[in-house]
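Below is one structure, written out as structure tokens; the observations come after it.
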Amino acid sequence: MIKDTSFFEKVYEVVRKIPGGRVSTYGHIADYLGSKGAARMVGWAMNVSHHTDPPVPAHRVVNRNGLLTGKIHFRTEDMMQKLLENEGLTICDDTVMNFEEVLWDPLKEL
DNA sequence: ACGTTGACCTATA
DNA sequence: GTATAGGCCAACG
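Using this note's numbering, the first residue of the first sequence is number 2, and each one after it goes up by one.
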């Protein structure tokens, strides 16, 4: 589809740029897109990312607290944690350990 | 076009 | 420190 879905495509592109072993946050992504307070928008974009191609590593996107809020939207909640652990991250109580160290900010990295 | 929703964030009690 | 309320922007029904 050549037709871009505005912010959605932007969100997908940014999330796809997230390197392995790193995680990003909705607020920072929204801020990178220009809509600072549209953090909810980013999450919604992830919701439709299921029919997006190429697929978006939504499991690398967590909330401001590093909490895996969107894990419930996956096929299985444990899958998101498993994927993050597979990236080399440490998840404890549905929260990313060393979150600040693995945090990948598009504004800083890009 | 209006109202509701949505994987959030910030502030106040 | 935890709980609740409001606000934010954009898409969906």
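Note that CB positions come from ideal geometry on N, CA and C, so glycine has one too.
Just so you know, these numbers come straight off a predicted model, no measurement behind them.
{"Item": "Option nearest Y27 by Cα separation, candidates V49, M80 and R41", "Value": "R41"}
{"Item": "Through-space distance from E14 to V63, alpha-carbon basis", "Value": "16 angstroms"}
{"Item": "Buried/exposed call for I92, threshold 16 Cβ in 10 Å", "Value": "buried"}
{"Item": "Cβ-Cβ distance between V57 and V16 below 7 angstroms", "Value": "yes"}
{"Item": "Other residues of its chain near N48: CB distance less than 7 angstroms, five sequence neighbours each side excluded", "Value": "H74"}
{"Item": "CB of L84 within 7 angstroms of CB of H60, strictly", "Value": "yes"}
{"Item": "Buried/exposed call for L111, threshold 16 Cβ in 10 Å", "Value": "exposed"}
{"Item": "Exposure of I51, with buried meaning 16 or more beta-carbon neighbours within 10 Å", "Value": "Sequence check: residue 51 is His here, not Ile. Per the 10 Å Cβ criterion, exposed."}
{"Item": "Neighbour-count burial assignment, M80, 16 or more Cβ in a 10 Å radius", "Value": "exposed"}
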